[in-house]
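Okay, so here's the structure we're looking at.
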Amino acid sequence: MTTPTDSTLPATASHGDCANCGTPLLGEHCYACGQPVKGLVRHFSSLVGDVLDSVFEWDSRTPRTLWPLLVRPGYLSLEYFAGRRIRYVSPFRLFFFLAIVTFFIGKLVISFGNENPVQLGGDSAIETARSVAEVEQARDRALAELAAERAELAPKIATAEDDSRIPDIGTVTGLRTADAALQAAETAIRAQADNRIAAFRTAEETGGPPPVPRLNRLSFGPEDWDASTNPVVVPWLPRFANDWLNRQIGRAEKNVQRLQEDPDLLKDSLLGAVPSTLFVLLPLFALMLKIAYVFKRRLYMEHLIVALHSHAFLCLALLLVFVAMALERWLAPQGGGIGIVFKLVEAALWTWMPIYLLLMQKRVYRQGWIMTLLKYGVIGLSYSILLSFGAAFTTIASVVWL
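Under my numbering, the first residue of the sequence shown carries the number 544, and numbering increases by one thereafter.
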């Protein structure tokens, strides 16, 4: 290899000699051995800047990328196809960065709170009670409601049976049947509460775990699931696979209790899993575009670029929605004029999302409005179904792996 001498190097090109091999430097890396000029022994602030640049490309390209991403549908994709790439953040890093930040902020902003408990499996307050006191409170509330209904029926029954006129046998029978049903409901509620209280008493005496709410038990067949007495057995699966499946069911059943005690666990788990779900669905969305525009003779990677930019936009718009929600709670907790402004901003962002995607599809693929609208509807419906399945799987996985 011929090494340029000092006399052949431009005066402004030399950066000294490589510390590893002694070759005169022409840039940030040695062209002879490949060692970078910058090492780790330097100011920490410069290391942080390198990390942001390497991982997220967070530099002067960021504002040049985010603004057109938000307000100019299809612009970044067309710029990328035209070869003008260095001035913008790369599509994959852009989507990766926005997806992580968006759903991290979503975890901080969204909260189910104690006023919105997660109800899994039913709405019986007695069966979902977690202590004797809660059982008694639920029983008393239910009995009070039934007593109020019986009190309303009593004068109606008396009027129907008034001797001063001919009684309506059908009406009397119907009212008395309703009253008997209410009495039976009272008896059932008392028995249900007594059984639940007895289960708590037994657990206290034996030192065992508190009873699992009946409505939160998983059932496969006529009986509740149990790893020992009533496990799930898939005939065509090997034994180790069935054992693993039953372990996951057991984890899900235990996590139901945790979700009722802290509803935000499910929210955090779901939002944490959404980026991974989107990463899995991205190639499928690009494949849909490839099929829809097969006669455009574009490479699959071109459709993937469009998919990355469209998903990055959705993440950015959703991030702005979360920021608006946070500012609304901070600056306008009681509503008012400022609160209305934030509501309008959120509504505008939600409205802009589908319009943006339609305009992006029109500008990138350059077809007429009729074909664009048709393909937009078909792709949107198909992808919505995929998202629904992905969301369902993510929800199930989140309950199991809390």
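Note that CB positions come from ideal geometry on N, CA and C, so glycine has one too. Source: prediction; values computed, not measured.
Length of the line joining the Cα atoms of residue i and residue j
i, j, result
"Val888", "Gly879", "15 Å"
"Asp549", "Pro567", "In this predicted model, Asp549 has a pLDDT of only 44, less than 50, meaning its place in the structure is not dependable enough to derive any value."
"Tyr926", "Phe828", "7 Å"
"Met844", "Leu851", "10 Å"
"Gly570", "Ile629", "18 Å"
"Asp737", "Asp683", "12 Å"
"Ala723", "Arg693", "9 Å"
"Gly946", "Trp873", "Outside the displayed range of the chain (544 to 945) lies residue 946, so it cannot be described from this structure."
"Leu825", "Ile834", "14 Å"
"Phe822", "Trp912", "30 Å"
"Leu862", "Gly565", "49 Å"
"Phe936", "Phe639", "21 Å"
"Gln680", "Arg739", "13 Å"
"Lys905", "Met896", "14 Å"
"Ala860", "Ala676", "46 Å"
"Cys576", "Asp560", "12 Å"
"Leu857", "Val921", "19 Å"
"Lys810", "Ile898", "28 Å"
"Ala869", "Pro876", "10 Å"
"Leu641", "His846", "20 Å"
"Thr749", "Arg794", "24 Å"
"Pro634", "Leu780", "42 Å"
"Leu949", "Tyr574", "A question about residue 949 goes unanswered here, because the residues of the chain that appear run from 544 up to 945."
"Arg947", "Gly923", "In the structure displayed, the chain extends from 544 to 945; residue 947 sits before or after that span and is not available."
"Thr894", "Thr915", "19 Å"
"Leu842", "Ala890", "36 Å"
"Thr702", "Ala691", "18 Å"
"Gln910", "Arg782", "55 Å"
"Pro606", "Ile928", "34 Å"
"Val661", "Val777", "Since pLDDT at Val661 reaches only 44, below the 50 mark, its modelled position is unreliable, and the value read off the structure follows with that caveat. Spanning the two alpha carbons is a distance of roughly 30 Å."
Reference residue i; option with closest CA among the options
i, options, result
"Ala934", "Pro818, Asp683, Arg628 and Arg684", "Pro818"
"His854", "Leu900, Arg682 and Ala575", "Leu900"
"Arg744", "Ser674, Lys699 and Pro698", "Ser674"
"Glu871", "Lys886, Gln735 and Leu859", "Lys886"
"Ala687", "Ala721, Lys699 and Gln726", "Gln726"
"Leu930", "Thr915, Ala816, Ile881 and Gly882", "Ala816"
"Arg840", "Tyr908, Thr720 and Cys858", "Tyr908"
"Ile883", "Leu641, Ala867, Leu842 and Phe647", "Ala867"
"Asn917", "Leu832, Phe932, Ala890 and Ala691", "Just to set this straight, residue 917 is Leu in the shown sequence, not Asn. Comparing Cα-Cα distances from Leu917 to each of Leu832, Phe932, Ala890 and Ala691, the minimum goes to Leu832."
"Val614", "Leu830, Leu892, Thr702 and Trp779", "Leu892"
"Thr820", "Ala701, Pro606, Phe932 and Ala672", "Phe932"
Proximal residues to residue i (C-beta, below 6 Å), its chain only, five neighbours per side dropped
i, result
"Leu902", "Pro616"
"Ala625", "none"
"Val580", "Glu571"
"Tyr623", "Ile848"
"Gln735", "Ile669"
"Leu814", "Phe646, Gly649 and Lys650"
"Ala672", "Val678 and Ala681"
Residue j beta carbon less than 9 Å from that of residue i
i, j, result
"Glu747", "Leu689", "no"
"Ser620", "Val837", "no"
"Phe865", "Thr608", "no"
"Ala685", "Ile653", "no"
CB contact below 9 Å: residue i versus chain E
i, result
"Ile922", "Any reference to chain E falls outside this structure, which holds one protein chain only."
Neighbourhood of residue i by C-beta distance below 7 Å, restricted to the same chain and skipping five residues each side
i, result
"Tyr618", "Pro611"
"Arg604", "Arg630, Tyr631 and Val632"
"Ile939", "none"
"Ile881", "Leu874 and Ala875"
"Asp643", "It should be noted that the sequence gives Ile, not Asp, for residue 643. Counting only Cβ-Cβ distances below 7 Å, and skipping sequence neighbours, we find Pro818."
Beta-ladder partner(s) of residue i, from DSSP
i, result
"Asp560", "Pro567"
"Pro579", "His572"
Own chain, CB closer than 8 Å to residue i, minus 5 neighbours either side, in chain order
i, result
"Gln578", "Cys561, Ala562, Asn563, Cys564 and His572"
"Tyr919", "Leu900, Leu901 and Gln904"
"Ala721", "Leu696"
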